[in-house]
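Structure record follows, encoded as structure tokens.
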Amino acid sequence: MGKSSGSGFIVSRDGLIITNAHVLEDASSTVTVVLSDGRRLPADIIGFAKNGLDLAAIKILNQNNLPALPLAKSAKTGQSVYAIGSPFGYENPNNFTAGVVSNIDNLAGVIKHDARINSGNSGSPLLNSQAQVIGVNTAVRLDRQGGNSGISIAISVDKLQGFLTALRQGNFSSVSTLPKEEIKNQSQPLTMNGRAISGNLTQNDNKFEDNSYFRSYIFEGKRGQKISIQMNSNEIDPFLMILNSEGKPIAQNDDISPNNFNARIAATLPKDDTYTVIAGSFGASELGAFTITANSAP
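Just so you know, full-length UniProt numbering puts 184 at position 184 of the sequence shown, and the rest follows in order with no gaps.
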């Protein structure tokens, strides 16, 4: 899988792990799993769910006594939920957020909730108050006006149970069955070194509720740290937003000036935290190339 990373969780003591199909679809047959205690273990890709379901399984080799998460029977609208994931992979493990289930689509097998996740948390468990898995976090739809009023999406435990049954029966695919248009780019680390990072918004990127596209970048920030981020493009009207780990916006910007449609944010960080930078287009359906540059001062 190269330098790509995602989240997942163990469902059996012999090391069966569930994650999202889009985390593994470009991986080699063997990947490295980093456990919460820091151990790095090899694992084989077992298979992918059929019919475009965004689930996949891997198996840690030669294990029989690993801690596993139990599965809940179902989820309920209004119940408290918790998400644990690793948006920086092994460099930033076990980020914890809390929320409430807002809606359950039983037909689609989807749970909507407001516990903050991002694309680096793909494949992480959505837990109830008894630490039982009620879903697999897979995507987020942000509301640029509301900031933390975005909707997090999880695949329901019913769909997960069906996939586990299919695995036992050998009824799975050896390759991802996701439609190509559903592939989402994972969050990229953003380094405060003044070097421009090139990007390109496409129809495979995430969307705001107003149908404008965006990509996300993550960095570790310190309380009192002064940062400056600029996004430039000749093809789209850039938009920038910074969110804290709870999904609350701390700064956002559209145009630098009436005569300069590029975007720039200057902010002083309020606390030690993992911050997400949303780099997107101001206009709906705008696609094209851009650069993003970040700088920091003590």
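Ideal placement from N, C-alpha and C gives every residue a C-beta, glycine not left out.
Query raised in the report: Which class does N232 belong to by DSSP, given the choice of helix, strand or coil?
Result: Sequence index remark: in the sequence shown, residue 232 carries index 232 (1-based). When secondary structure is reduced to three states using DSSP, N232 falls in the strand class.
**Report entry** Cβ neighbours of S228 in the same chain (closer than 6 Å, five flanking residues each side left out)
**Finding:** For the purposes of this step, residue 228 is identified with residue 228 of the sequence shown, where counting begins at 1. For S228, same chain residues with a beta-carbon under 6 Å away, outside a window of 5 residues either side, are A266 and N295 in chain order.
**Report entry** Host alpha helix (DSSP H) of K159 (start-end)
**Finding:** Against the sequence shown, residue 159 aligns to sequence position 159. Taken as a continuous stretch (DSSP letters only), the alpha helix (DSSP H) holding K159 covers V157 to Q169.
Requested in this report: From the DSSP output, read off the bridge partner residues of T97.
Outcome: Here residue 97 corresponds to residue number 97 of the sequence shown, with the count starting at 1. For T97, DSSP records a beta bridge to A83.
Query - Simplified DSSP state of V11, which is helix, strand or coil - result: Along the sequence shown, one-based indexing puts residue 11 at 11. In the structure shown, V11 sits in coil (DSSP, three-state: anything other than H, G, I, E or B).
**Report entry** Cross-strand partners of Q252 (DSSP beta bridge)
**Finding:** Indexing the sequence shown from 1 puts residue 252 at position 252. DSSP lists M241 as the bridge partner or partners of Q252.
Report task. Quick one: grab the DSSP three-state call for N121. Result -> Here residue 121 refers to the residue found at position 121 of the sequence shown. Looking at N121 - three-state DSSP - the assignment turns out to be helix.
**Report entry** Extent of the continuous beta strand (DSSP E) to which V175 belongs
**Finding:** Your numbering for residue 175 matches position 175 in the sequence shown. Element bounds for V175: n/a, residue is neither H nor E.
Query - Check whether D237 and A284 have beta carbons under 8 Å apart - result: Start at 1 with the first residue of the sequence shown, and residue 237 comes out as number 237. Start at 1 with the first residue of the sequence shown, and residue 284 comes out as number 284. With contacts defined by Cβ atoms closer than 8 Å, D237 and A284 do not form a contacting pair.
Query - For A21, the three-state DSSP class (helix, strand or coil) - result: Residue 21 sits at position 21 when you count from the first residue of the sequence shown. Under the three-state reduction of DSSP, A21 is assigned to helix.
Requested in this report: Answer with buried or exposed for P179, where buried requires no fewer than 16 other C-beta atoms within 10 angstroms of its C-beta.
Outcome: Locating residue 179 in the sequence shown gives position 179, where the first residue counts as 1. By the neighbour-count rule (16 or more Cβ atoms within 10 Å), P179 is not buried but exposed.
Query raised in the report: Is it a yes or a no for the segment 192-209 touching the segment 254-270, going by three-plus beta-carbon pairs under 8 Å?
Result: Judged by Cβ distances under 8 Å, the segment 192-209 makes no contact with the segment 254-270, as fewer than three pairs qualify.
Report task. Select from S233, T191 and V34 the residue whose C-alpha is nearest the C-alpha of N94. Result -> In the sequence shown, counting from the first residue as 1, residue 94 sits at position 94. When only C-alpha atoms are compared, the closest one is V34.
Report task. May I have a chain-ordered list of the beta strand (DSSP E) segments no shorter than 3 residues that lie completely inside the segment 268-294? Result -> Complete beta strand (DSSP E) runs here, min 3: 273-281.
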